[in-house]
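Residues in the first sequence are numbered from 57 upward in steps of one, following our numbering.
Note sheet for the following structure.
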Amino acid sequence: MTQKKSFGKRGLTKKSENISQWYNDLILRSKLADYSEVKGSMIIRPDGYALWEKVQSILDQWFKEDGVKNCYFPLLIPYYLFKKEKDHLKGFSPELAVVTHAGGEKLAEPYVLRPTSETIMYKTFANWIHSHRDLPLKINQWCNVVRWEKRTYPFLRTTEFLWQEGHTVHQTEEEAVEMTLKALDWYQKFYEEYFAISVYAGIKSDQEKFAGAKTTYSIELVIPNGKALQAATSHNLSDNFAKVFNITFLDNQEKKRHPFQTSWGLSTRSIGGLVLVHGDDSGLIIPPKIADPQIVIIALSDKQEKQVKIIQAYAAKIHQNLEEQGFKVILDLDFRHSLGYRINEWELKCVPLRLEIGQNEIKDKKIKFVRRDDFTKGFIAENKLASEVGKILDNIQKDIFIKSEKIKNDLTIEVEDYQEFKKIVKDRKVFIRAGWCENEKCENKIKEETKLTTRVLEMQRIKEKPKGKCIICHQPAKHKWLFAQSY
RNA sequence: CGGGACGUGGCCUAGCGGCUAAGGCGCCUGCUUUGGGAGCAGGAGAUCGGGAGUUCGAAUCUCCCCGUCCCGACCA
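Written out as structure tokens, the structure is:
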């Protein structure tokens with residue numbers, strides 16, 4: 057493997073042959089992102105940023121409907137603040153970027169570039185919260201954060217990334233748990249209904265949870281290479297931070313109490329997940345619900361200039377009709393390139409549905425369509441175009457979800473025996489569902505021997521009655537957990 | 001931070017001690033062409049990652065930096 061991006065004329069490394077190479081090629085070729093001069097950082101190009109804006113618009117609406125308000129806290133966090141919560145500090149220390157010099161001088165107290173904003177926010181919350189009437193406090197910020205990772209990939213793990221971080225403060229732990237679960241639901245709904253990706257949602261083991269949290273809930277994606285991508289997290293912080301940052305309020309009994317907090321986030325990593333799960337050898341596959349444009353109309357050329365004008369006019373009419381019906385449509389009149397070239401470019405960047413308009417369409421009053429996801433071709437009568445196009449887009453959305461669910465299920469194997477566990481994992485990467493006693497020692501043994509870590513205990517299994525044994529120590533298992541190698 | 005592969009116009013490569021660094025893609029101009037990545041003609045574009053050294057002579061050999069990708073360890 058070299059660093060060369062050796063794109064053939066027709067394109068990409070095959071996804072099945074080398075998913076890493078395929079992924080890197082695709083990110084660059086589809087113009088979602090570019091490498092930057094700063095190691096580990098990437099440039100999000102307009103097409104990539106448009107996807108992120110789409111993510112923002114969907115989540116932001118849900119947050120606001122729930123009374124979560126947007127705000128902005130500073131990038132720089134005084135180190136003394138950051139180190140207040142011990143677990144938090146310990147968890148993030150290895151990946152902190154610290155500003156030690158500014159204004160031409162060495163700073164007396166260094167600043168941390170936020171890897172997450174709990175500390176700076178909660179210091180302030182202590183000033184904002186005095187009464188039970190101040191609660192709940194629900195805020196969110198869309199921002200960048202910096203985590204100095206050793207190894208980076210575009211979108212999936214970059215030194216600097218964009219995300220939203222929601223932070224809430226509640227009178228009771230029950231309320232905080234409810235909020236934590238609500239955020240998790242948002243994320244699950246987002247991935248399943250908009251990104252059309254079937255996910256695992258559940259709780260993290262103590263070892264894998266957020267530094268400073270009581271419980272971490274996570275959305276995990278199953279990548280077609282069998283690896284796991286942590287795609288969003290929601291933390292019940294209990295009153296850990298409240299105690300450290302001295303956040304208190306007087307309840308309606310005039311009693312001074314610490315409130316309970318949550319934090320939850322989803323990052324630009326989600327876009328990497330989208331690319332990895334759905335993309336194919338021809339390029340990106342973007343679900344119709346988030347694609348913009350959703351439909352490309354390719355106008356074909358003709359030998360006679362008169363015909364070209366007729367085709368253009370016809371295509372423009374179709375374009376207008378579909379836009380009036382609320383579809384996001386782009387009209388491609390670029391006759392400088394050959395048809396094959398134009399098609400391949402649109403497939404690479406992914407417009408979910410392609411319509412082709414030439415003389416035949418005008419003559420037959422039927423429009424040729426091609427689905428991007430499975431390349432199904434057909435014709436739609438012009439007078440039914442809008443309704444049929446709507447159905448096709450819905451079907452694409454459904455079908456790619458089903459496909460992702462199949463990948464997820466096919467790559468999840470339930471085992472009872474550790475020898476079998478090891479044998480399976482030796483051959484190929486998969487998710488393994490197995491009984492675990494929830495003791496760290498057994499978790500670590502699995503990690504050392506197989507590289508697999510606990511991903512989540514699935515939500516629907518939390519209340520399941522324990523049965524079976526821990527796959528390592530053969531003590532009674534508390535639950536069946538999912539294990540996988542993280543991306 | 002360990003192991004590996006590398007660094008030559010915007011991109012992919014050739015050149016591996018010796019003449020003015022070669023080709024393809026892309027880009028620009030013109031003509032032509034369009035039902036799955038067209039063709040012809042012309043054109044612009046390179047201090048060969050940086051530095052030091054060996055040599056009559058370095059893209060080519062040596063050393064040191066810097067950077068990139070891949071595989072690990074760590075993480076959203």
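Note that beta-carbon positions come from the ideal geometry of N, C-alpha and C, so glycine has one too.
No experiment lies behind these values; they were computed from the predicted model shown.
{"Query": "Short check: CB of K140 to CB of F301, under 8 Å?", "Result": "yes"}
{"Query": "Which residue comes first and which comes last in the alpha helix (DSSP H) that contains H375?", "Result": "E361 to E380"}
{"Query": "So F217 and R325 are supposed to be a Cβ contact under 8 Å. How far apart are they, rounded?", "Result": "7 Å"}
{"Query": "Over what stretch of residues does the beta strand (DSSP E) that includes Q453 continue unbroken?", "Result": "Q453 -> not in any beta strand (DSSP E); alpha helix (DSSP H) instead, spanning L441 to D466."}
{"Query": "Hey, could you find the ends of the alpha helix (DSSP H) A239 is sitting in?", "Result": "E229 to K245"}
{"Query": "Among K345, I176 and T215, whose alpha-carbon lies nearest the alpha-carbon of E249?", "Result": "K345"}
{"Query": "What separation, rounded to the nearest whole angstrom, lies between the Cα atoms of E380 and L411?", "Result": "17 Å"}
{"Query": "Please tell me whether T224 and S290 are closer than 8 Å, where the distance is taken between their beta carbons.", "Result": "no"}
{"Query": "Within 8 Å, do at least three Cβ pairs link the region 306-319 to the region 276-286?", "Result": "no"}
{"Query": "Is the number of C-beta pairs between the region 153-165 and the region 181-198 that are closer than 8 Å three or more?", "Result": "no"}
{"Query": "Measure the C-alpha to C-alpha separation of R203 and F266 and round it to an integer number of angstroms.", "Result": "14 Å"}
{"Query": "Assuming F251 and L330 are in contact, meaning their beta carbons sit under 8 Å apart, how far apart are those beta carbons, in whole angstroms?", "Result": "5 Å"}
{"Query": "Could you pull the DSSP bridge partners for E514 from this structure?", "Result": "G258"}
{"Query": "If P42 and L449 are in contact, beta carbons under 8 Å, what's the gap, nearest whole angstrom?", "Result": "Missing from the structure shown is residue 42; the chain here goes from 57 to 543 and no further."}
{"Query": "CA-CA distance, C406 and I133?", "Result": "40 Å"}
{"Query": "For L356 and L404, which I take to be in contact (beta-carbon distance under 8 Å), what is that distance rounded to the nearest angstrom?", "Result": "Their Cβ separation, rounded to whole angstroms, is 20 Å, which puts L356 and L404 out of contact at 8 Å."}
{"Query": "What's the C-alpha gap between N126 and L107?", "Result": "20 Å"}
{"Query": "Quick check on this structure: which residue in F148, T208, W402 and S92 has the alpha carbon closest to the alpha carbon of S86?", "Result": "W402"}
{"Query": "Classify G524 as helix, strand or coil using the three-state DSSP reduction.", "Result": "coil"}
{"Query": "Roughly how many whole angstroms lie between the Cα atoms of S97 and T215?", "Result": "5 Å"}
{"Query": "Going by beta carbon distance, what residues of the same chain come within less than 8 Å of I480, once the five residues before and after it are set aside?", "Result": "I469, V471, V486 and I488"}
{"Query": "What does the alpha-carbon distance come out to for the pair V168 and A298?", "Result": "21 Å"}
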